[in-house]
Amino acid sequence: MEHYACYIDILARDGQLEEAASVAASMPFKPNNFVWGALLGGCLLHSRLDLAQDVYNRLVEVDPDSSACYVMLANVLAGDRRWDDVSVLRWFMREKGVKKQPGSSWVNVNGIVHEFVVGSAAHPQMANIYHTLHGLAGEMRFLTP
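Counting from 70, one number per residue, gives the positions in the sequence shown under the working numbering.
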């Protein structure tokens with residue numbers, strides 16, 4: 070399944086969305102959320118709302134509780150300036166209790182993995198990190214382009 074998802078992701082990123090959809094439809098087993106998510110990501114990248122809505126429906130069938138499919142479709146709709154549809158989709162997410170997962174990053178420093186979550190200051194060294202970042206930002210102001 071992983072190889073199919075990777076192949077579809079490559080096709081979708083390259084703009085070959087019809088080919089990617091054809092591969093997904095002809096798989097010898099039912100495509101999972103990674104396959105449909107890769108195709109939906111390509112629809113977002115290439116502003117293909119026509120295909121995105123169908124892919125979104127298929128993604129919701131296999132993973133109805135994932136916030137990613139709703140967020141990606143909302144981004145496609147927003148890119149097409151369909152703000153009313155974005156509002157309806159966000160209302161639907163609230164009604165279903167689907168919440169967007171905050172973004173996060175992991176950094177390995179000297180063999181220790183540190184996780185940073187958007188909007189969280191829970192890291193035990195956050196004060197030192199902010200102090201260092203503030204100093205770096207000050208130094209960057211003096212760099213010439």
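Where a beta carbon is used, it is the ideal one built from N, C-alpha and C, also for glycine.
- One thing to note: residue 121 has its Cβ no nearer than 7 angstroms to the Cβ of residue 74.
- If you draw a straight line from the Cα of residue 201 to the Cα of residue 185, it is about 16 angstroms long.
- Between the segment 146-155 and the segment 170-180, the count of Cβ pairs shorter than 8 angstroms is below three; the stretches do not touch.
- Here the C-alpha atom of residue 160 lies approximately 11 angstroms from the C-alpha atom of residue 139.
- If you draw a straight line from the Cα of residue 129 to the Cα of residue 189, it is about 29 angstroms long.
- Membership of residue 203 in the alpha helix (DSSP H) is indicated by the continuous run 195-209.
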